[in-house]
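**Student:** What follows is a structure written as structure tokens; I'll ask about it next.
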Amino acid sequence: METRAKKVKEQSVKTSVTISGAEAVIKCLLAEGVDLLYGYPGGAIMPVYDELFKYQDKLHHVLTRHEQGATHSAQGYARATGKVGVAMATSGPGATNLITGIADAQIDSTPMVCITGQVAEHLLGTDAFQETDIIGISTPVTKWNYQITKASEIPEVFAKAFYIARSGRPGPVLIDITKNAQFEQFEFSYEPCTSVRSYKPVPTMDIEAVKSAAALINSAKKPLVVWGQGVILGEAEEEFKAVVEKAGLPSAWTILGASALPTSHTLNVGMVGMHGNYGPNRLTNECDLLIAIGMRFDDRVTGDLNRYAKQAKVIHFEIDPAEVDKNVKTDVAVLGNAKETLAALLPFIEEKEHSAWLQEFRDHDAIEFDKVIKNDLYPTKEGLTMGEVMREINAASEGNAIIVSDVGQHQMIACRYADFKQTKSNITSGGLGTMGFALPAAIGAKMGMPEREVVAVIGDGGYQMTIQELGTILQTKTAVKIVVLNNDYLGMVRQWQQLFFDKRYASTTMVNPDFVTIAKGYSVEAKRVTKREDLADAVKEMMESKDAYFLEVCVEKEDNVFPMIPTGSSVSDIRLS
Amino acid sequence: MSKKQTYTISIYTENNIGVLNRISAIFQRRHINIESVNVSKSEIKSVSRITLLVRITEDQMKKILGQLEKQIEVIKAFYHVDEDTIYQESCLFKLSSDLLTENDEIQRIINSSKSRVININKDFFVLEKSGTKEEVEELYHLLDKHGIMQFVRSGRIAVTKEEMPVSELLESIKE
């Protein structure tokens with residue numbers, strides 16, 4: 003009877019043109035192809051949740067255990083699928099709890115739409131219960147935001163929000179809806195947004211700039227590509243591969259660019275930046291042409307700008323005009339979507355092999371292997387290393403897993419050593435460096451790509467920042483694999499204290515709980531490994547599990563991550579110990 | 011490091027709530043003080059024009075222009091140095107009416123400064139002056155010794171000598 007009543011009700015909604023603002027929100031989400039969203043209910047958003055209840059067969063809402071978890075899950079979903087992630091919360095504290103995730107999505111260009119409830123229009127500015135100026139608070143960390151006070155605004159604003167979030171350089175959009183607008187009845191119709199007159203998502207490509215870039219590439223003796231997430235966001239992996247292969251370009255990646263080109267590709271010369279590889283960092287200052295593609299010369303990538311690639315000509319392929327000449331002056335800027343610009347570039351570049359130049363990277367690799375990698379991946383000392391855990395994860399996943407890392411030492415190790423065969427496989431908080439990102443992001447990634455293996459690699463510090471999302475895993479039975487690399491320290495800060503603050507370990511020692519017991523309390527199968535001989539089997543068991551699985555690996559307490567470019571140093575000054 | 015200079019920034023935006031906040035946040039985040047601000051309608055229907063005055067280097071200015079234009083509701087932004095604009099500020103002085111009757115110098119100041127009396131009653135009169143910031147400052151200096159009851163100056167407004175092709179831009183977007 004109940005289902006029948008529900009059916010009748012739905013049909014009547016379909017045929018009726020007049021609906022509530024709250025129902026319109028659901029219809030807008032469905033019209034935008036959303037079938038999954040993350041959130042947490044509360045007073046000011048209750049009318050929308052009431053409609054969600056009615057539409058639960060079409061639109062799956064995941065109740066996270068904290069609003070921050072909702073944003074990170076939406077981010078993980080977006081990064082794994084390329085689709086817009088959606089998070090929802092109530093007004094006041096619900097809305098402010100979204101801010102970290104929104105700021106993270108803004109700096110890492112992640113398409114996300116956040117919906118917040120707001121007190122009724124007549125209460126705005128009265129310091130009403132759970133009222134906060136979320137538009138004011140979110141302005142600097144959103145691509146766009148808007149406060150809806152009338153139901154009739156809902157369709158147009160939602161259409162615009164999704165268009166803005168996903169187009170051009172993607173980013174987060176926040177829609178704040180007053181409670182009266184959720185209740186208000188109005189005539190609903192929906193049209194997707196295809197343009198906003200004051201917004202040009204993708205700049206027009208200048209073919210002359212493409213030709214100039216090609217000329218520089220063709221005449222370069224020592225070209226180096228540094229690519230970023232723009233290749234992934236632009237879905238330009240194929241075009242990118244075709245370009246680097248044709249011109250024989252050694253190519254290095256930023257942390258967010260990882261996985262756009264397989265790790266094992268002969269032209270993939272590793273990661274740039276503070277804890278990147280020795281070769282691409284050192285040789286940045288020896289190349290004669292630096293080709294930046296979909297990256298933004300973050301300070302963690304460049305080190306001291308006054309000593310960064312000064313000898314080289316610079317080409318910048320970029321979708322966001324504000325990034326050109328922001329940190330590094332370019333000789334040629336090619337504006338546009340990487341998919342389009344790289345495809346346009348391909349016919350103009352000559353087939354080349356830069357064997358001798360590529361050999362220089364190999365030579366540097368050999369040095370790095372001897373001084374760092376060997377000891378990370380194949381340690382002979384007693385304590386377990388984070389590197390060998392990654393080696394076992396690679397072996398068990400055969401390089402097909404999505405690796406979601408948190409922030410800190412383990413993140414650098416995960417990104418350095420993960421073996422990526424497919425794109426969209428490295429999900430991490432790059433720009434903002436948000437501890438607590440990984441566990442909820444992994445939930446989103448797994449829900450977005452259920453057929454892929456998702457492994458969250460987290461430190462003992464960051465894990466406890468969003469550990470409550472184990473509750474979301476329990477409730478949704480999401481089969482994420484959680485690896486906590488536990489050194490009982492806030493490892494990266496401790497490393498800096500050791501190197502730059504004379505080992506004054508201020509507030510970096512962690513007295514940790516029994517993580518295995520906690521996981522079991524959430525009905526997640528769990529194991530702790532303390533000895534090398536147990537590691538391979540434990541990782542294998544975790545990967546073979548059909549359900550969520552928690553693995554704690556107790557690693558050497560005071561290991562450091564190398565190579566390292568200390569803050570303010572040049573990429574040439576990269577340290578191996 | 012290039013030298014700091016005064017830039018007049020003209021920003022054409024949608025007339026929406028919060029746009030000014032979004033724009034001022036760009037300056038605040040970079041620790042840059044906005045010297046003056048004026049928001050008005052523009053020559054294009056439903057398009058607002060924000061005029062800002064800042065003292066920064068050209069390098070900073072170029073980067074900020076990129077950030078301004080990146081905002082969804084900003085249609086187009088321009089920056090100009092003083093020589094490339096024709097600009098004015100407006101100010102009001104509230105002064106005691108006694109000055110008009112008891113002080114000859116006040117009459118001379120009013121005449122020579124090309125300011126005008128826009129309101130008068132038995133207690134006070136209001137003097138209005140439009141001009142450059144320097145002209146306004148000079149008048150302030152002259153009147154100050156006689157006692158100013160109230161003073162207010164508007165933000166700079168400016169038109170540019172060169173064309174700012176915003177209408178064409180809007181047309182091309184529509185197509």
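So the sequences go chain by chain: A and B. Everything in the first sequence is counted per the working numbering, starting at 3 for the first residue and increasing by one. Everything in the second sequence is counted per the working numbering, starting at 11 for the first residue and increasing by one. Here a beta-carbon is modelled for each residue, glycine too, at the ideal position from N, C-alpha and C.
(1) Name the chain B residues whose beta carbon is nearer than 9 Å to that of D322/A?
(2) Roughly how many whole angstroms lie between the Cα atoms of N43/B and I21/B?
(3) Roughly how many angstroms separate the alpha carbons of V10/A and V50/A, rounded to a whole number?
(4) DSSP puts D178/A in a beta bridge; with which residues?
(5) Classify M566/A as buried or exposed, calling it buried when 16 or more other Cβ atoms lie within 10 Å of its own Cβ.
(6) Could you check whether the Cβ of E178/B sits closer than 8 Å to any Cβ belonging to chain A?
(7) So which residues on chain B does I166/A lean against when the C-beta distance must stay under 8 Å?
(8) Threshold first: 3 residues or longer. Then list the beta strand (DSSP E) segments lying entirely within the region 398–437 of chain A, N to C.
(9) Kindly indicate which residue of I404/A, A508/A, V303/A and D290/A has the alpha-carbon position closest to the one of V316/A.
(10) Does the beta-carbon of I28/A have 16 or more other beta-carbons within 10 angstroms, so that it is buried, or is it exposed?
(11) Does the beta-carbon distance from A443/A to V406/A come in below 8 Å?
(12) With a threshold of 16 other CB atoms inside 10 Å of the CB of T382/A, please say whether the residue is buried or exposed.
(13) Would you verify that the beta carbon of K29/A is, or is not, closer than 8 Å to some beta carbon of chain B?
(14) Is G232/A close to chain B? Criterion is C-beta to C-beta, closer than 8 Å.
(15) According to DSSP, Q500/A sits in a beta bridge with which residue or residues?
(16) So, for T97/A: in the same chain, excluding its five sequence neighbours on each side, which residues have a beta-carbon less than 7 Å away from its beta-carbon?
(17) If you draw a straight line from the alpha carbon of L226/A to that of L251/A, how long is it in whole angstroms?
(18) What are the complete beta strand (DSSP E) segments, minimum 3 residues, inside the region 151–185 of chain B?
(19) 8 Å is my cut-off, CB to CB: does M93/A come that close to chain B?
(20) With a threshold of 16 other CB atoms inside 10 Å of the CB of N129/B, please say whether the residue is buried or exposed.
(21) I'd like to know if the region 155–172 of chain B and the region 104–118 of chain B are in contact, where contact means that at least 3 CB-CB pairs between them fall below 8 Å.
(22) Is the Cβ-Cβ distance between Q149/A and A46/A less than 8 Å?
(23) Could you name the residues of chain A that K73/B contacts, counting a contact when the two beta carbons are closer than 9 Å?
(24) Around the C-beta of T268/A, are 16 or more other C-beta atoms found within 10 angstroms, so that it is buried, or is it exposed?
(25) Given this structure, state the Cα-to-Cα distance separating E4/A from G473/A, to the nearest angstrom.
(26) Comparing C-alpha positions only, which one of N339/A, E325/A and K162/A sits nearest to E241/A?
(27) Report yes if the C-beta distance between Y491/A and K448/A is below 8 Å; otherwise report no.
(28) Between R203/B and chain A, is there a C-beta pair that is closer than 8 Å?
(29) Could you check the C-alpha separation between L63/B and K132/B for me, to the nearest Å?
(30) Please list the partners that P142/A has in chain B, where partner means a Cβ-to-Cβ separation under 7 Å.
(31) Any idea if K341/A is buried or exposed, counting beta-carbon neighbours within 10 angstroms, 16 or more meaning buried?
(32) Relative to chain B, which residues along the region 191–221 of chain A have a C-beta separation below 9 Å, given in chain order?
(33) Find the residues of chain A that neighbour I85/B, judging by a C-beta separation of less than 8 Å, and give them in chain order.
(34) What ranges does the beta strand (DSSP E) occupy inside the region 46–104 of chain A, keeping only unbroken runs of at least 3 residues that lie completely in it?
(35) Going by C-alpha distance, which of N220/A, I295/A, R534/A and E189/A is nearest A24/A?
(36) Which residue wins for smallest C-alpha separation from D575/A, given the options S191/A, G236/A and M276/A?
**Tutor:** Reading it off the structure:
(1) G76 and K80
(2) 17 Å
(3) Only weak support is given to the placement of V10/A: the predicted model assigns it a pLDDT of 44, under 50, and the value that follows is read from those uncertain coordinates. Near 20 Å, if we compare the C-alpha coordinates of V50/A and V10/A.
(4) T118/A and Q149/A
(5) buried
(6) no
(7) I82
(8) 404–407 and 428–430
(9) D290/A
(10) buried
(11) yes
(12) exposed
(13) no
(14) no
(15) Its beta-bridge partners do not exist; DSSP assigns none.
(16) In the sequence as displayed, the identity of residue 97/A is Ala instead of Thr. For A97/A, where only same-chain residues beyond five positions count, the Cβ hits under 7 Å are A91, T118, T134 and I136.
(17) 6 Å
(18) 160–163 and 167–170
(19) It is worth fixing the name first, because residue 93/A is Ser in this sequence and not Met. Answer no: the Cβ-Cβ gap between S93/A and chain B never drops below 8 Å.
(20) exposed
(21) yes
(22) no
(23) A324, D327 and K328
(24) exposed
(25) Legend: pLDDT at E4/A = 45, less than 50; position of this residue unreliable, no value from coordinates given.
(26) N339/A
(27) no
(28) Outside the shown range of chain B (11 to 185) lies residue 203/B, about which nothing can therefore be said.
(29) 38 Å
(30) A35 and R39
(31) buried
(32) S197, V198, R199, S200, Y201 and K202
(33) R199 and S200
(34) 62–65 and 87–91
(35) E189/A
(36) M276/A
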